[in-house]
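Comments concern the structure below.
Next up, the structure:
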């Protein structure tokens, strides 16, 4: 493995040890907007 506190670059194209799939993964993205800064044409009078 690598030192977790080191700043070496990670070579994703040619890793020294190829990772193997194991188990499951769930990915999510949470986004938000400030309603005071978003233009909404339906609410304009």
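Residue numbers (the numbering used here): 8 to 52. Just so you know, even glycine gets a beta-carbon here, dropped at the ideal spot from N, CA and C. No experiment lies behind these values; they were computed from the predicted model shown.
Report the rounded CA-to-CA distance for residue i versus residue j, giving the unit in angstroms.
i          : j          : result
residue 40 : residue 34 : 21 Å
residue 31 : residue 24 : 20 Å
residue 22 : residue 36 : 28 Å
residue 44 : residue 11 : 40 Å
residue 20 : residue 38 : 31 Å
residue 26 : residue 13 : 20 Å
Using a Cβ-Cβ cut-off of 7 Å (strictly less than) and excluding sequence neighbours within five positions of residue i, which residues of its own chain qualify?
i          : result
residue 15 : 9
8 Å is my cut-off, CB to CB: does residue i come that close to chain C?
i          : result
residue 29 : Any reference to chain C falls outside this structure, which holds one protein chain only.
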